[in-house]
Amino acid sequence: MSAIKPWEELPKKFVNRYGRPARVFRAPGRVNLIGEHTDYNDGFVMPAAIDFDTWVAVAPRDDRKLVAYSENVAEGTEFDLDAASPQPRHHWSDYVFGVAVMLEQAGHKLRGADLLIFGNVPLGAGLSSSASIEVATGLALLNNSGFPVDLVALAKLSQRAENNFVGMRCGIMDQFISCCGHAQRALWLDCRSLDYRLLPLPSDVSLVICNTMVKHELASGEYNKRRAECEAGVSRLAKELPHLVALRDVTLADLELYGRDLPDPILKRCRHVVSENERVMEAAGALDRGDASAFGHLMAESHRSLRDDYEVSCAELDLMVKLASQVKGVFGARMTGGGFGGCTVNLVQTEHVEEFKRTVADGYEKATGRAPEIYVSPAAEGAAEVTR
Ligand code: GLA
Numbered sequence: 001m002s003a004i005k006p007w008e009e010l011p012k013k014f015v016n017r018y019g020r021p022a023r024v025f026r027a028p029g030r031v032n033l034i035g036e037h038t039d040y041n042d043g044f045v046m047p048a049a050i051d052f053d054t055w056v057a058v059a060p061r062d063d064r065k066l067v068a069y070s071e072n073v074a075e076g077t078e079f080d081l082d083a084a085s086p087q088p089r090h091h092w093s094d095y096v097f098g099v100a101v102m103l104e105q106a107g108h109k110l111r112g113a114d115l116l117i118f119g120n121v122p123l124g125a126g127l128s129s130s131a132s133i134e135v136a137t138g139l140a141l142l143n144n145s146g147f148p149v150d151l152v153a154l155a156k157l158s159q160r161a162e163n164n165f166v167g168m169r170c171g172i173m174d175q176f177i178s179c180c181g182h183a184q185r186a187l188w189l190d191c192r193s194l195d196y197r198l199l200p201l202p203s204d205v206s207l208v209i210c211n212t213m214v215k216h217e218l219a220s221g222e223y224n225k226r227r228a229e230c231e232a233g234v235s236r237l238a239k240e241l242p243h244l245v246a247l248r249d250v251t252l253a254d255l256e257l258y259g260r261d262l263p264d265p266i267l268k269r270c271r272h273v274v275s276e277n278e279r280v281m282e283a284a285g286a287l288d289r290g291d292a293s294a295f296g297h298l299m300a301e302s303h304r305s306l307r308d309d310y311e312v313s314c315a316e317l318d319l320m321v322k323l324a325s326q327v328k329g330v331f332g333a334r335m336t337g338g339g340f341g342g343c344t345v346n347l348v349q350t351e352h353v354e355e356f357k358r359t360v361a362d363g364y365e366k367a368t369g370r371a372p373e374i375y376v377s378p379a380a381e382g383a384a385e386v387t388r
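Going by our numbering, the residue at position 192 of the sequence shown is 192; the numbering climbs one at a time, nothing skipped.
Encoded structure:
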């Protein structure tokens, strides 16, 4: 790691590119500790923001154009805020302009802006690089236009950009934690009411993230398919349970009683979501008690359920979890995020982290021929302006 923090170069680069100073905003990626594929079922999740961010430098223009340059891909592009019916371009800029479109549709008439963007959230790794771009851009554009910022509203708008502009039917988790994360805390979120609670992470335990280096490219097609399967489960179960709005309203006892006629794979998908919601509630209790072992067991059960019932894991994720589970000082390991590649999250006793990194990296590389990346990240603060 260089001594220079990634964003420190951005103001200077902005002046070089656009000839005037900028304000800088940042928003983090996330790791989900438990509660996977529950957010779009109105359920519970427990992510933490991580120490990887997208930074957006911004200064106003006199017209209604957005001019954006990405330092990551060394490419610039433009967008006209007055365009009649803006369309996605299937390009990184969709995350930027999609947020602008949603802000405008929500009644925020934006000023034009020059934007310089840089991020260090690993791409395609299931750590929410896209949510971090959306949130950092939204924060930058709102401030640039003099609007007050409500972080929960910004999370919803950023999700809408992903759903309606990018075309990925994600839930609210990633954008919400990018907006509302807190240092040293996991965030328990009720995705229906958006009530949340910050929970302490045990002080002698580290969050370790292992990147399989398998990009989760399949993810968005399979993801939308899983969502549709959950919706099919709800409409069938609603025949017996008329109060039902989402799988959040179903218990395991309901599934025992009324799930028998659900076809495969719908029953398995429902069983994952319903049991995962229960695990998140138990996991919150475990953190309240400072019980890392109980939390770790729930992570292991979550992984099994995602692998066998929700079928969103893959051989590399399963291997990474297996290797991790054999290392001393590991409380729990599971895949994190949408699945089909990407990362695992591990709860590791801090004094054993170095041994963990060595053992897991060696074992994984021997078995797959790929060198994994392993990140140790504290739970970090949510989106904010960067001031020096
Ligand atoms: C992706 C989505 C989230 C969530 C997770 C799975 O990260 O963006 O909304 O559904 O997958 O838990």
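Beta carbons are placed, not taken as given, at the ideal position from N, Cα and C, and that holds for glycine.
*asked:* So, does the region 130-149 touch the region 95-109, judging by three or more C-beta pairs under 8 Å?
replied: yes
*Tell me, which residues are paired with Glu75 by DSSP?*
Walking along the sequence shown from the start, residue 75 turns up at place 75. DSSP output for Glu75 lists Ser70 as bridge partner(s).
_Ile172 in three-state terms, based on DSSP_ = One-based indexing of the sequence shown puts residue 172 at position 172. In this structure, Ile172 counts as coil in the three-state DSSP scheme.
*Give the straight-line distance between the Cα atoms of Pro21 and Ser158, rounded to the nearest whole angstrom.*
One-based indexing of the sequence shown puts residue 21 at position 21. One-based indexing of the sequence shown puts residue 158 at position 158. Rounded to whole angstroms, Pro21 to Ser158 spans 26 Å at the Cα level.
*asked:* Taking the alpha carbon of Leu33 as the reference point, which residue from Gly382, Leu323 and Ala283 has its own alpha carbon closest?
replied: On the sequence shown, residue 33 is found 33 positions in, with the first residue counted as 1. Cα-wise, what sits closest to Leu33 is Ala283.
*Which whole-angstrom value describes the C-beta separation of Gly98 and Val166, a residue pair presumed to lie in contact below a C-beta threshold of 8 Å?*
Residue numbering aside, residue 98 sits at position 98 when the sequence shown is read from its first letter. Residue numbering aside, residue 166 sits at position 166 when the sequence shown is read from its first letter. Contact holds; Cβ gap of about 6 Å.
*At what residue ranges does the region 12-39 contain a whole run of the alpha helix (DSSP H), taking only runs of 4 or more?*
none
*Taking the alpha-carbon positions, what's the Ala315 to Ala379 distance?*
For the purposes of this step, residue 315 is identified with residue 315 of the sequence shown, where counting begins at 1. For the purposes of this step, residue 379 is identified with residue 379 of the sequence shown, where counting begins at 1. Answer to the nearest angstrom: the Cα atoms are 28 Å apart.
*If I'm right that Cys191 touches Gly233 with Cβ under 8 Å, what's the distance once you round it to whole angstroms?*
Start at 1 with the first residue of the sequence shown, and residue 191 comes out as number 191. Start at 1 with the first residue of the sequence shown, and residue 233 comes out as number 233. The pair is not a contact, with the Cβ atoms about 17 Å apart (cut-off 8 Å).
*Rounded to whole angstroms, how far is the Cβ of Gly35 from the Cβ of His216, which I believe are closer than 8 Å?*
For this step, residue 35 is matched to residue 35 along the sequence shown. For this step, residue 216 is matched to residue 216 along the sequence shown. Not really, about 18 Å apart at Cβ, beyond 8 Å.
*Taking any heavy atom of the ligand GLA as the mark, which residues have a C-beta closer than 5 Å to it, listed down the chain?*
Glu36, His37, Asp39, Cys170, Gly171, Met173, Asp174, Gly337 and Gly338
*Return the CA-CA distance between Arg226 and Pro263, expressed in angstroms with no decimal places.*
Looking up residue 226 in the sequence shown gives position 226. Looking up residue 263 in the sequence shown gives position 263. C-alpha separation (whole angstroms): 14 Å.
*asked:* For Val31, tell me which candidate among Pro372, Leu187, Ala84 and Val205 has the shortest Cα-Cα distance.
replied: Your numbering for residue 31 matches position 31 in the sequence shown. Minimum Cα distance to Val31 is reached at Leu187.
*Just mark His91 as buried or exposed, buried being the case when its beta carbon has 16 or more other beta carbons within 10 Å.*
Counted from its first residue, the sequence shown places residue 91 at position 91. Under this definition His91 is an exposed residue.
*asked:* For Leu81, which residues in the same chain have their Cβ closer than 8 Å to its Cβ, ignoring the five residues on either side in sequence?
replied: On the sequence shown, position 81 is the one that residue 81 refers to. Excluding residues within five positions, the ones whose Cβ falls inside 8 Å are Arg64, Lys65, Leu66, Ala100, Glu104, Leu110 and Gly112.
_Going by DSSP, what residue range makes up the beta strand (DSSP E) through Cys191?_
Position 191 of the sequence shown, counting from 1, holds the residue named residue 191. First-last for Cys191: undefined, no H or E at that position.
*Starting from Thr137, trace the alpha helix (DSSP H) both ways and give me its first and last residue.*
The count along the sequence shown starts at 1 and reaches residue 137 at position 137. Ser129 to Asn144 is the span of the alpha helix (DSSP H), which, as asked, contains Thr137.
_Terminal residues of the beta strand (DSSP E) in which Gln105 lies_ = Position 105 of the sequence shown, counting from 1, holds the residue named residue 105. First-last for Gln105: Ser93 to Gln105, but that is the alpha helix (DSSP H), not the beta strand (DSSP E).
*asked:* I'd like the span of the beta strand (DSSP E) that includes Cys423, first residue to last.
replied: Nothing can be reported for residue 423: it is not among the residues displayed for the chain, which extend from 1 to 388.
*With C-beta atoms as the reference, is Leu154 less than 8 Å away from Leu139?*
Within the sequence shown, residue 154 is the residue found at index 154, counting from 1. Within the sequence shown, residue 139 is the residue found at index 139, counting from 1. Yes, they are a contact pair.
*Bridge partners of Leu115, per DSSP?*
Numbered from its first residue, the sequence shown carries residue 115 at position 115. Beta-bridge pairing links Leu115 to Val58 and Ala68.
*Are Gly382 and Ser178 touching if we call contact CB-CB under 8 Å?*
Reading the sequence shown from its first residue, position 382 is the one you call residue 382. Reading the sequence shown from its first residue, position 178 is the one you call residue 178. Yes, the Cβ-Cβ distance between Gly382 and Ser178 is below 8 Å.
*asked:* Quick check on the burial criterion: 16 or more other C-beta atoms within 10 angstroms. Buried or exposed for Pro242?
replied: Taking the first residue of the sequence shown as 1, we reach residue 242 at position 242. Answer is exposed; the Cβ neighbour count stays below 16.
*Once you ignore the five residues that flank Glu373 on each side, which residues in its own chain have a CB closer than 6 Å to its CB?*
One-based indexing of the sequence shown puts residue 373 at position 373. Within the same chain, Glu373 has close Cβ partners Asn211.
*Sequence-distant residues of the same chain with beta carbon closer than 8 Å to Ala238, five excluded per side*: Against the sequence shown, residue 238 aligns to sequence position 238. Result list for Ala238: Leu244, in chain order.
*asked:* Could you tell me the alpha carbon to alpha carbon distance between Pro6 and Asn120, rounded to whole angstroms?
replied: The residue given as residue 6 occupies position 6 in the sequence shown. The residue given as residue 120 occupies position 120 in the sequence shown. When rounded, the distance between both Cα atoms is 8 Å.
*Just checking my contact of Tyr13 with Glu71 at CB under 8 Å: how many whole Å lie between their CB atoms?*
Translated into the one-based positions of the sequence shown, residue 13 becomes position 13. Translated into the one-based positions of the sequence shown, residue 71 becomes position 71. It should be noted that the sequence gives Lys, not Tyr, for residue 13. Yes, they are in contact, since the Cβ atoms of Lys13 and Glu71 sit about 7 Å apart, within 8 Å.
*Would DSSP call Cys407 helix, strand or coil?*
The requested residue 407 does not occur in the structure, where the chain is confined to residues 1 to 388.
*Kindly list the residues whose CB is nearer than 6 Å to the CB of Cys170, restricted to its own chain and excluding five residues on each side of it in sequence; keep chain order.*
Translated into the one-based positions of the sequence shown, residue 170 becomes position 170. Only Glu162 meet the Cβ criterion.
*Three-way DSSP call (helix, strand, coil) for Gln349 in this model*: Counting from one through the sequence shown, the residue named residue 349 turns up at place 349. Note: Gln349 maps to strand in three-state DSSP.
*Buried or exposed: where does Gly126 fall if 16 or more other Cβ atoms within 10 Å of its Cβ makes it buried?*
Taking the sequence shown and counting its residues from 1, the one referred to as residue 126 is at position 126. With 16 or more other Cβ atoms within 10 Å, it is buried.
*DSSP three-state call for Phe147: helix, strand or coil?*
On the sequence shown, residue 147 is found 147 positions in, with the first residue counted as 1. In the structure shown, Phe147 sits in coil (DSSP, three-state: anything other than H, G, I, E or B).
*asked:* Using C-beta distances below 7 Å, list every residue in its chain close to Val73, excluding the 5 sequence neighbours before and after it, in chain order.
replied: Reading the sequence shown from its first residue, position 73 is the one you call residue 73. Cβ within range, chain order: Trp92.
*Where Ala361 falls: helix, strand or coil (DSSP)*: As a working mapping, residue 361 is identified with position 361 in the sequence shown. Correct three-state label for Ala361: helix.
*Return helix, strand or coil for Gly221, following the three-state DSSP convention.*
Taking the sequence shown and counting its residues from 1, the one referred to as residue 221 is at position 221. Here Gly221 sits in helix by DSSP.
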